[in-house]
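Structure first, then comments.
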Amino acid sequence: AQSVTQPDIHITVSEGASLELRCNYSYGATPYLFWYVQSPGQGLQLLLKYFSGDTLVQGIKGFEAEFKRSQSSFNLRKPSVHWSDAAEYFCAVGGGGSYIPTFGRGTSLIVHP
Amino acid sequence: ETGVTQSPTHLIKTRGQQVTLRCSSQSGHNTVSWYQQALGQGPQFIFQYYREEENGRGNFPPRFSGLQFPNYSSELNVNALELDDSALYLCASSPTDSVGANVLTFGAGSRLTVL
Chain A
29 AQSVTQPDIH ITVSEGASLE LRCNYSYGAT PYLFWYVQSP GQGLQLLLKY FSGDTLVQGI
89 KGFEAEFKRS QSSFNLRKPS VHWSDAAEYF CAVGGGGSYI PTFGRGTSLI VHP
Chain B
799 ETGVTQSPTH LIKTRGQQVT LRCSSQSGHN TVSWYQQALG QGPQFIFQYY REEENGRGNF
859 PPRFSGLQFP NYSSELNVNA LELDDSALYL CASSPTDSVG ANVLTFGAGS RLTVL
């Protein structure tokens, strides 16, 4: 069965600092990996996705993520965080054999001025 | 292109009642998935509909049921509501090609409170 672990429930950073949110997955074949963001009271918005090819993926809002097969990880990064990045971030895994992505429990990002 | 729209946005019910939530999928998408998101948790898969048939189901009891209509819109029905059913219910649509099928476009959700 596929699963996702986001080990950090909360992350606090100062505005302008760099950010890395951790995601580890379990999947029996080549995974499709996603990061979504959810602002308070809103649905989820896709930040970026990895299907194949270059393991460093660029997304919207200046985010990027790196797929590391040896570590079963897909960590999300941003070089300089803005106050508007404060939100809940969800990692998800899917694949060619399952059209039903599984989500992690999420990491809440708090940005201090 | 229009996105995914859900209604109602908020509703309050009492234990034992029934509720119907509605979802219109994004233009060009013919697969609809429903997720339950409890407070402080990630979305949990309820079921998926494709061509008006249930195409997969998560670990939810039969009192959670759904429909998909010919225009690809969908309903989620929950009978005999329990307090633990209080959550944000998210509808997501996706295309049917094997790669794109994994990419979900979410609505803003329906916030259900059960008293």
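Chains as they are written, first to last, in the numbering used here: chain A, 29 to 141; chain B, 799 to 913. Idealized CB from N, CA, C, for every residue including glycine. No experiment lies behind these values; they were computed from the predicted model shown.
At a Cβ-Cβ threshold of 8 Å, A:Tyr53 and A:Ser98 do not count as neighbours. Along the region 849-864 of chain B, going in chain order, the ones with a CB nearer than 7 Å to a CB of chain A are Gly854. With three or more CB-CB distances shorter than 8 Å, the region 875-888 of chain B counts as touching the region 852-863 of chain B. Secondary structure of A:Leu104 (DSSP, three-state): strand. Proximity to A:Gln34 across A:Ile138, A:Val109, A:Asn103 peaks at A:Asn103, based on C-alpha coordinates. About 15 Å separates the beta carbon of B:Arg820 from that of B:Ser831, a gap too long to meet the 8 Å contact definition. With fewer than 16 other Cβ atoms from the protein chains shown falling within 10 Å of its own Cβ, A:Ala45 counts as exposed. Using a CB distance cut-off of 8 Å, A:Tyr127 counts as an interface residue toward chain B. If you draw a 10 Å sphere on the C-beta of B:Gln866, you find 16 or more other C-beta atoms in it, and that means buried. Within its own chain, the residues whose Cβ lies closer than 7 Å to the Cβ of A:Val32, once the five positions on either side in sequence are excluded, are Cys51, Tyr53, Cys119, Ala120, Val121, Thr130, Phe131, Gly132, listed in chain order. Counting along the chain, B:Cys889 sits inside the beta strand (DSSP E) bounded by residues 885-892. As the crow flies, the alpha-carbon of A:Phe62 is around 6 Å from that of A:Tyr78.
Excluding five sequence positions before and after B:Leu913, the CB atoms of its chain that fall closer than 6 Å to its own CB belong to Thr812, given in chain order. Nearest neighbour of A:Lys106 by Cα position, chosen from A:Thr83, A:Glu48, A:Ala114, A:Gly123, turns out to be A:Glu48.
For the region 73-103 of chain A, the set of positions with a beta-carbon nearer than 8 Å to some beta-carbon of chain B reads Gln73, Leu74, Lys77, Phe79 in chain order.
According to the DSSP assignment, B:Arg849 belongs to no beta strand (DSSP E), since it is labelled neither H nor E. B:Arg909 sits in a strand when the DSSP states are folded into three classes.
Residue range 38-42 is occupied by the beta strand (DSSP E) that includes A:His38. Between B:Gly856 and A:Gly134, the gap from beta carbon to beta carbon reaches 8 Å or more. Spanning the alpha carbons of A:Gly69 and A:Ile128 requires a straight line of approximately 23 Å.
Under DSSP, the beta-bridge partners assigned to B:Arg820 are B:Ser805, B:Glu873. Contact annotation for B:Gly905 against chain A: Gly71 [CB-CB distance below 8 Å, chain order].
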